[in-house]
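Residue numbers (the numbering used here): 1 to 643.
See the structure below:
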């Protein structure tokens with residue numbers, strides 16, 4: 001509201017002046033109103049254009065949106081109009097002042113004309129408002145959630161419930177997909193209001209300043225090691241006023257993720273529940289007693305039982321929602337995937353092990369943290385284990401969970417008022433769990449088709465992974481230098497660094513090759529086990545098509561290679577936790593893979609940039625996948641940075 005007041009202040013002052021003159025029976029002439037409206041228009045156009053151009057340049061924002069393009073054209077036309085009108089305004093403002101003549105009886109016709117002009121103006125405003133209201137009503141296409149029928153705690157894998165959950169996910173994904181027609185036909189279904197603060201604060205909680213981020217010696221987890229992990233996961237690495245950039249990328253630099261730590265056996269840190277204050281690189285103490293596995297929503301989890309600490313990751317939905325609206329849940333999941341990959345890598349660098357708990361009760365964890373699930377949802381739970389924890393190897397895949405005693409189902413249908421954020425809240429609730437089931441098996445790759453390209457072995461890098469994370473930036477300008485094949489091979493190998501997926505086996509990787517030495521331009525499916533590229537659209541120049549599919553973002557059109565990540569619908573639907581939770585797992589896994597692009601590119605001196613905005617159907621056609629079987633969820637550009 002204060003912002004609106006300051007923006008409207010010149011208009012309010014002008015309106016007050018006109019009202020005062022009218023009360024004194026000396027209303028301004030049409031010529032005077034024309035002059036002063038021109039002066040105000042000059043001021044507002046200059047401010048609007050200046051701020052818009054500044055922010056596009058400062059944040060390197062892509063100028064692909066329709067409202068940007070229409071805005072630039074409007075500014076051009078208004079400036080042209082004012083250039084013709086300015087001499088009139090100047091002569092009026094610099095004219096000699098004379099006494100105002102007394103109105104004669106013949107001025108009645110002028111007064112009537114003024115009334116007609118006021119009525120015409122009022123009619124124009126009313127018609128404009130009516131058009132806006134009708135447009136919002138016409139464009140509103142809110143998704144009505146038909147909640148999956150509950151099969152009961154004893155049989156969460158029942159076919160009817162899984163089918164209903166999958167149908168809900170399919171409706172949401174279609175509803176939140178971008179299309180050229182959707183820009184005109186769909187309006188946001190929720191009033192997101194003003195964005196919340198970019199950093200969450202607990203001013204009354206005791207604060208513990210963390211040591212500066214470094215590379216601690218690989219010993220049992222202590223406060224310095226935990227501090228390094230947290231900073232390289234979500235710490236502030238740079239400031240570009242008013243935005244403070246973090247170690248992990250975020251769509252629109254909105255940073256919805258918050259981290260909480262349940263400390264148990266961290267040397268130098270009292271057991272209890274803590275919130276990580278990224279702005280101050282400090283911990284705020286929320287609870288001074290140990291937090292049980294049950295309180296975190298994962299009773300009986302073997303890895304969590306042995307953990308020195310557990311990290312709970314949440315998303316403040318409105319931070320992203322005020323910009324991305326009903327597509328918000330996609331963005332916060334992919335962003336969190338990037339964050340979790342940094343956490344996993346940073347934990348390994350300090351000698352710890354990160355185990356992703358894929359089954360936990362979000363509602364129970366939110367209650368322990370004192371969160372309003374409608375505004376801030378719990379999305380991930382990670383156990384940090386010492387290097388000597390039984391059954392885990394630092395470089396190997398995460399240990400599978402034991403068979404649970406009971407198979408739980410999803411949460412019950414919510415009350416209408418329990419979903420203030422509409423489809424975002426509905427999808428978060430639908431992807432939540434109340435129990436556990438065994439993990440899905442990883443699919444086995446069939447024989448490679450003819451024409452596949454065997455990639456050279458990935459050359460190791462000597463860069464410190466923590467240094468790479470600390471220096472990570474999204475590179476939006478690439479040189480025209482072709483990418484070396486071994487560099488692409490190294491990045492792809494790093495994307496599939498683990499022998500088993502962490503959360504989901506549904507992620508697929510395609511590569512649009514624009515300029516890679518030794519590889520014809522086209523689209524290729526990457527198969528990790530044989531480390532090879534399988535042609536999807538070979539010998540095809542797809543640079544322009546990729547640029548168009550990604551909403552004409554130059555970073556995609558200029559890249560030497562573009563990774564297109566998709567999720568296999570059958571694979572996430574078969575997730576033993578249910579299709580809805582499988583959808584969340586698949587999006588998080590895609591974010592994990594996307595962050596590896598940044599890390600591997602940075603270690604090799606290359607540039608990368610993740611992109612979450614694209615036309616879904618055009619993205620699928622770009623890499624020749626069937627949207628009935630796979631959904632594109634993420635883009636990532638790769639190339640040699642422009643000097």
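Beta carbons: idealized from backbone N, C-alpha and C, even for Gly. None of the values given here were measured: they were computed from a predicted structure.
Coil, strand or helix - residue i by DSSP
i           : result
residue 377 : strand
residue 641 : strand
residue 615 : coil
residue 338 : helix
residue 450 : coil
residue 577 : coil
residue 42  : helix
residue 287 : strand
residue 512 : strand
residue 525 : strand
residue 224 : helix
residue 567 : strand
residue 175 : helix
residue 502 : coil
residue 542 : coil
residue 318 : helix
residue 478 : strand
residue 36  : helix
residue 267 : strand
residue 368 : helix
residue 240 : strand
residue 7   : helix
residue 483 : strand
residue 308 : coil
residue 439 : Residue confidence for residue 439 is low, a pLDDT of 42 falling below 50, so the modelled location carries little weight; the figure read from the coordinates is stated next. It is coil, neither helix nor strand.
residue 90  : helix
Residue i versus residue j - alpha carbon distance
i           : j           : result
residue 626 : residue 610 : 23 Å
residue 378 : residue 606 : 34 Å
residue 289 : residue 269 : 12 Å
residue 507 : residue 590 : 6 Å
residue 552 : residue 91  : 45 Å
residue 45  : residue 78  : 8 Å
residue 239 : residue 245 : 6 Å
residue 556 : residue 475 : 11 Å
residue 20  : residue 205 : 53 Å
residue 241 : residue 253 : 12 Å
residue 265 : residue 221 : 8 Å
residue 632 : residue 198 : 29 Å
residue 487 : residue 539 : 21 Å
residue 298 : residue 636 : 34 Å
residue 561 : residue 619 : 15 Å
residue 14  : residue 29  : 14 Å
residue 200 : residue 365 : 18 Å
residue 570 : residue 550 : 25 Å
residue 317 : residue 26  : 53 Å
residue 211 : residue 255 : 23 Å
Residue i versus the options, residue with shortest Cα-Cα distance
i           : options               : result
residue 597 : 27, 581, 578 and 638  : 638
residue 630 : 339, 642 and 568      : 568
residue 514 : 485, 496 and 467      : 485
residue 494 : 483, 203, 465 and 476 : 465
residue 263 : 386, 11, 561 and 612  : 386
residue 448 : 535, 479 and 248      : 535
residue 559 : 512, 348 and 251      : 512
residue 360 : 280, 322, 429 and 602 : 429
residue 525 : 96, 35, 623 and 23    : 623
residue 349 : 614, 41, 176 and 227  : 227
residue 36  : 87, 328 and 224       : 87
residue 224 : 232, 234 and 213      : 213
residue 615 : 368, 634 and 603      : 634
residue 340 : 365, 22, 599 and 191  : 599
residue 587 : 459, 434, 529 and 427 : 427
residue 163 : 617, 572 and 211      : 572
For residue i, the residue or residues it bridges with in DSSP
i           : result
residue 360 : None; residue 360 has no bridge partner.
residue 353 : 385
residue 275 : 260 and 284
residue 532 : 454 and 527
residue 610 : 636
residue 207 : 284
residue 230 : Note: residue 230 sits in no beta bridge, so no partner.
residue 245 : 238
residue 26  : Looking at the DSSP assignment, residue 26 forms no beta bridge with any residue, so it has no partner.
Proximity test, Cβ basis, 8 Å: residue i and chain B
i           : result
residue 246 : This model lacks chain B altogether, as it is built from one protein chain only.
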